[in-house]
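**Student:** To start, I am sharing the structure in question, which I have written as structure tokens.
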Amino acid sequence: MAGKGLSRRELFNLSAVVGGGLVLGRWLPVWAQTPPASLQPNPFVRVAADGTVTVWVNKSEMGQGVLTGLAQIVADELGADWDKVVPVQAEADPKYGNQNTGGSTAVRTQFEELRRAGAAAREMLVAAAAARWQVDPNRLKAEHGKVVDPVGKRSLSFGELVGEAAKLPVPEKPKLKDPKDFYLIGKPLPRKDSRIKVTGEAVFGCDVRLPGMLYAVVARPAVFGAKVKSYDPAKALQVEGVVKVLPISSGVAVVARDTWAALKGRAALTVTFEGGEAGFSSAKLLEQMTELAGKGGKVAASQGELAEAWERAQLKVESLFTLPFLAHAPMEPQNATAWFHDGGLEVWAPTQVPMPAREEAARAAGLPVEKVRLRVTLLGGGFGRRLVSDFVRDAVEVAKAFSVPVQLLWTREDDMSHDFYRPPSVHLLQAGLDGGGRLVAWRHHQVTCSIGQQRNPARAGQVDRGALEAAEPPYTIPHWAVEQTLVPTPVPLGAWRSVYASQNPFASEHFFDYVARQAGKDPWRFRLELLPEGPLKQAVKLAGEKAGWGRKLPEGWGRGLACCSSFGSHVAEVAEVSVQDGKLKVHRVVVAIHCGRVINPRLVEQQLVSGVVFALSAFLRGKITVEGGQVVETNFDRYDLLRFNEMPQVEVHMVPSQDPPGGVGEPGVPPLAPAVANAILAATGMRVHRLPWEG
-2 MAGKGLSRRE LFNLSAVVGG GLVLGRWLPV WAQTPPASLQ PNPFVRVAAD
48 GTVTVWVNKS EMGQGVLTGL AQIVADELGA DWDKVVPVQA EADPKYGNQN
98 TGGSTAVRTQ FEELRRAGAA AREMLVAAAA ARWQVDPNRL KAEHGKVVDP
148 VGKRSLSFGE LVGEAAKLPV PEKPKLKDPK DFYLIGKPLP RKDSRIKVTG
198 EAVFGCDVRL PGMLYAVVAR PAVFGAKVKS YDPAKALQVE GVVKVLPISS
248 GVAVVARDTW AALKGRAALT VTFEGGEAGF SSAKLLEQMT ELAGKGGKVA
298 ASQGELAEAW ERAQLKVESL FTLPFLAHAP MEPQNATAWF HDGGLEVWAP
348 TQVPMPAREE AARAAGLPVE KVRLRVTLLG GGFGRRLVSD FVRDAVEVAK
398 AFSVPVQLLW TREDDMSHDF YRPPSVHLLQ AGLDGGGRLV AWRHHQVTCS
448 IGQQRNPARA GQVDRGALEA AEPPYTIPHW AVEQTLVPTP VPLGAWRSVY
498 ASQNPFASEH FFDYVARQAG KDPWRFRLEL LPEGPLKQAV KLAGEKAGWG
548 RKLPEGWGRG LACCSSFGSH VAEVAEVSVQ DGKLKVHRVV VAIHCGRVIN
598 PRLVEQQLVS GVVFALSAFL RGKITVEGGQ VVETNFDRYD LLRFNEMPQV
648 EVHMVPSQDP PGGVGEPGVP PLAPAVANAI LAATGMRVHR LPWEG
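Using our numbering, the first residue of the sequence shown is number -2, and each one after it goes up by one.
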């Protein structure tokens, strides 16, 4: 068995290393017992005798900065010395609450809870100092890792107080700081995980290494829904290093002593698949959806009397928009490592959903959940793909045949061909204006495929509210309706960064500009005229001002704006583009966001810039085509991403606010595509009816 010849202590320490316990450039045994001289009033924070503050982060770090941002909240409320704060990725455990990472929920759902976690520790440290000095605790302050007595002009470090503080009762309702006293929240502090990523010390899923570990890849059917009919392992087993070939639920696994041997073994494997959706075509699906768009859908939301307003309208405008399937394409393909030992199971996985992944592992293993330990590694990108735990299930199914750890790896082709794709959609937009140029009627018919109903067929026939994200018009329009038609598909569907908000506003915001121009209105001023007072209008106003709206551009250039409220935040983006000889160049993007209280402006800026990159890649070239029931774009040669020379200058501006924090990771994606489309419209007079842009 793996680990033979190692002491239990050595093996334990090794497990801590590969489990993602590497932080700040040093190995941290995060699963070691709590040091005897320490204070840990809750699962999120521990103060040690040397003054180190460990913060357990219950959201998955996939590049968005939660190891820094969430630790920043705890540290500020605690009064910690930021240099002594060590964030640790929490393993799957119900004590950490909801660990799912998606929907831009990390800060906005954890803000108050993490403040309370830090405040509890602070009150205990302050109480210990007050008892030692025999003073009223209300006159003391905790700041920069010390409890300070301003009256007595003295201080004690946290480390000096933990022994006494740990003996005190944990306050049930600790008093939170007055926000005016924040000294870390709101500051652009550098990321805690930058150093280990730059030096290569960071542990992503693919970096996990254990003694005696084997490596596996799976031969999967190319056609959606197909199953293994038969396989012959003989040729695969002749490849040097291959140790076993075995069927699992998703295909046939080839297990070897290294990845190269596993891949060569899979290439040599003889396997036959049968069944599936070989007759399916994404082109035919979009044809069907386009036909349905011209018909009535199920009214999902409405206001006023649309039919009457439409009949009375003096100017009527209509457009149709089509968007394709999209893949997630994270830089790190799917992977997981599983190890059965001592009657239980350990799993290392780059997952966005630690607890559901742990439950999936338990089902695959045939074990109680309590017998499964799942350690969350760093994620090399997620974008919603790692909300599904199929790669964890595969690893566990393979590892059941061995007494040593097995790392299951996906190639890029595996990842592109077996994704859970963003649904395609077709949108019919209609608008009516009265004789005075006022927008009085608005209809948006969304035809799409439902992620929710594919996973829960019992919901068939219902309106999918999740698919209506950002579909209702944010403008003051007296008569409007949003209709929905849902079409089934055999293609696996999943959440893609900003999900349906990446589609609905493209159609509605691009259409809005066209309507404005038909009415002789300036699109920015028309938005400000129709938007109610509030965060979105503030973002639109700021974006236009910072972009220099109305300033003359060179010949062949255009400037376009779009806005969207989603995931608790409000974003407006202005794009400046040129179109020369049919070639598009996006030169500049100005982003304005109202996301409530900003925890770390540097992280906000990074997320919004990454949203521009992600959305612009999709706008220019993002497209998954399915022919004969299988994906055509199986690698980056056909599913091309944005290149360095195509990257626009991006400026980020934040509307100052004391409101509760909103989301940041997803809201920057929806406005980009319509903003660029509106800039193309301004430059050429041509609408963008279909994505990706075809010139």
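Even for Gly, the Cβ is constructed at its ideal location relative to N, Cα and C.
According to DSSP, simplified to helix, strand and coil, what is Asn10?
**Tutor:** Residue placement at Asn10 is flagged as unreliable, the pLDDT there being 40, under the threshold of 50; the coordinate-derived value follows with that caveat. Three-state result, Asn10: helix.
**Student:** Can you tell me the Cα-Cα spacing of Asn642 and Arg113, whole angstroms?
**Tutor:** Straight-line Cα distance between these residues: approximately 46 Å.
**Student:** Does the count of Cβ pairs from the stretch 212 to 232 and the stretch 258 to 275 closer than 8 Å reach three?
**Tutor:** Cβ pair count under 8 Å is three or more, so yes.
**Student:** Run through DSSP, which three-state label would Phe611 get?
**Tutor:** Phe611: helix per DSSP, three-state reduction.
**Student:** Ala569 and Cys560 - do their beta-carbons sit closer together than 8 Å?
**Tutor:** Their beta carbons are under 8 Å apart, which means Cys560 touches Ala569 by this criterion.
**Student:** Just to confirm, are Leu158 and Asp146 a CB contact at a threshold of 8 Å?
**Tutor:** No, they are not a contact pair.
**Student:** Say whether the stretch 70 to 78 touches the stretch 165 to 185, bearing in mind that this needs 3 or more beta-carbon pairs closer than 8 Å, one atom from each stretch.
**Tutor:** These segments touch.
**Student:** On the three-pair Cβ rule with 8 Å, is the stretch 532 to 548 touching the stretch 625 to 634?
**Tutor:** The stretch 532 to 548 is not in contact with the stretch 625 to 634.
**Student:** DSSP state of Ile677, grouped into three classes?
**Tutor:** Reduced to three states, the DSSP call for Ile677 is helix.
**Student:** Using DSSP bridges, identify the partner residues of His476.
**Tutor:** Looking at the DSSP assignment, His476 forms a beta bridge with Ala438.
**Student:** Assuming Arg372 is part of the beta strand (DSSP E), what are its boundary residues?
**Tutor:** Its beta strand (DSSP E) spans residues Val369 to Val373.
**Student:** Considering only residues of the stretch 214 to 251, which uninterrupted beta strand (DSSP E) runs meet the minimum length of 3 residues and lie entirely inside it, listed in chain order?
**Tutor:** You should have 224 to 229 and 239 to 245.
**Student:** Which one or two residues does DSSP pair with Met651 in a beta bridge?
**Tutor:** Paired residues: Ile590.
**Student:** Classify Ala29 as helix, strand or coil using the three-state DSSP reduction.
**Tutor:** Reliability of the predicted coordinates at Ala29 is poor, the pLDDT of 38 falling under 50, and no value is obtained from them.
**Student:** Using the Cβ count rule (16 or more neighbours within 10 Å means buried), how would you classify Ser386?
**Tutor:** Result: buried.
**Student:** Based on Cα-Cα distance, which residue from Glu367, Ala124 and Pro166 lies nearest to Leu153?
**Tutor:** Of Glu367, Ala124 and Pro166, the residue nearest in Cα terms is Ala124.
**Student:** Is it the case that the Cβ atoms of Lys172 and Phe155 are separated by a distance below 8 Å?
**Tutor:** Not a contact, by the Cβ cut-off of 8 Å.
**Student:** Quick check: the Cα distance between Arg151 and Ala162, rounded to an integer number of angstroms?
**Tutor:** Straight-line Cα distance between these residues: approximately 18 Å.
**Student:** Rounded to the nearest angstrom, what separates Ala680 and Gly547 at their Cα positions?
**Tutor:** Near 13 Å, if we compare the C-alpha coordinates of Gly547 and Ala680.
**Student:** Compare the Cα-Cα distances from Ala674 to each of Val661, Gly665, Pro658 and Glu691 and report the closest residue.
**Tutor:** Of the listed residues, the one whose Cα sits closest to Ala674 is Glu691.
**Student:** Could you check which residue in Glu526, Val583, Gly458 and Lys81 has the C-alpha nearest to that of Trp554?
**Tutor:** Cα-wise, what sits closest to Trp554 is Val583.
**Student:** Select from Gln300, Met328 and Leu539 the residue whose C-alpha is nearest the C-alpha of Thr473.
**Tutor:** The residue with the shortest Cα to Cα distance from Thr473 is Gln300.
**Student:** In whole angstroms, what separates the C-alpha of Arg419 from that of Glu58?
**Tutor:** Approximately 22 Å, taken between the alpha carbons.
**Student:** Using the Cα positions of Cys446 and Pro485, report the straight-line distance between them to the nearest angstrom.
**Tutor:** Near 6 Å, if we compare the C-alpha coordinates of Pro485 and Cys446.
**Student:** Return the Cβ separation of Ala438 and Leu303 in integer angstroms, given the expectation that the two are a contact with Cβ distance under 8 Å.
**Tutor:** The pair is a contact, with the Cβ atoms about 6 Å apart (cut-off 8 Å).
**Student:** Would DSSP call Gly555 helix, strand or coil?
**Tutor:** Three-state result, Gly555: strand.
**Student:** I need the boundaries of the alpha helix (DSSP H) containing Gly262, first residue and last residue.
**Tutor:** Counting along the chain, the alpha helix (DSSP H) containing Gly262 begins and ends at Thr256 to Ala265.
**Student:** Three or more C-beta pairs under 8 Å: does that hold for the stretch 644 to 660 against the stretch 101 to 110?
**Tutor:** With the cut-off at 8 Å, the stretch 644 to 660 and the stretch 101 to 110 touch.
**Student:** Between the Cα of Gln404 and those of His424, Ala392 and Asp411, spot the shortest distance and give me the residue it belongs to.
**Tutor:** It is Ala392 whose Cα lies nearest to the Cα of Gln404.
**Student:** Would you give the residue range spanned by the beta strand (DSSP E) that Asp146 belongs to?
**Tutor:** Note, Asp146: beta strand (DSSP E), Lys143 to Asp146.
**Student:** Buried or exposed: which applies to Lys81, given that a residue is buried once 16 or more other Cβ atoms fall within 10 Å of its Cβ?
**Tutor:** Flag for Lys81 reads buried.
**Student:** Determine the contact status of Ala310 and Leu430, defining contact as a CB-CB distance below 8 Å.
**Tutor:** It is a contact, given that the beta carbons lie within the stated cut-off.
**Student:** Is Ala569 helix, strand or coil when you go by DSSP?
**Tutor:** Strand, per DSSP.
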